[in-house]
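Notes to accompany the following structure.
Put into C-alpha cells, the structure is as follows:
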C-alpha cells in the first residue's frame, strides 16, 4: 500500500468515528480517562445499546480499546498520543470557530501569531 493511501485510510477512519455526534461525545468523554459503557450511557443520556454500538464502531476505527475486567469492559482511547491530538484538534477548532488568536508563544504557523511591528 502506498504511504498516501495508508494516511488517507487513517484519516477516513478518524473522520468516520467523529462524524456521528454520539461517537464524538463518547470520544471526548474518554479523553478524561476510561470508563464502562453503563457509565457512558448514564453520563450522555443514551441507551446502553446505543453506547455499545458506537463503541464497536470506535473500536473498529482503531480509536478505543476495551479491557475486560471481570464481567465488565472498561473502554479508553487507544493511545495517549491520540488523546493529545484530539485535544489539539479541539483547541484549534474552537479557536477558529470563535475567531480567537491561538496565544501560543511558540506557535510556528505562518501568519497566525505575528505581531504588528
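Numbering (my numbering), first residue to last: 920 to 1036. Beta carbons: idealized from backbone N, C-alpha and C, even for Gly.
The alpha helix (DSSP H) spanning residue i covers which residue range?
| i | result |
| --- | --- |
| residue 985 | Careful: residue 985 lies outside any alpha helix (DSSP H), inside the beta strand (DSSP E) at 983–988. |
| residue 976 | 967–979 |
| residue 928 | 922–937 |
| residue 951 | Element bounds for residue 951: n/a, residue is neither H nor E. |
Once the 5 residues before and after residue i are set aside, which same chain residues still bring their CB inside 7 Å of it?
| i | result |
| --- | --- |
| residue 957 | 967 |
Can the beta-carbon of residue i be found less than 8 Å from the beta-carbon of residue j?
| i | j | result |
| --- | --- | --- |
| residue 962 | residue 948 | yes |
| residue 1011 | residue 995 | no |
| residue 985 | residue 997 | no |
| residue 959 | residue 1002 | no |
Please state whether DSSP places residue i in a helix, a strand or coil.
| i | result |
| --- | --- |
| residue 1027 | coil |
| residue 997 | coil |
Round the Cβ separation of residue i and residue j to the nearest angstrom and send it over; I've been treating them as touching at under 8 Å.
| i | j | result |
| --- | --- | --- |
| residue 974 | residue 945 | 7 Å |
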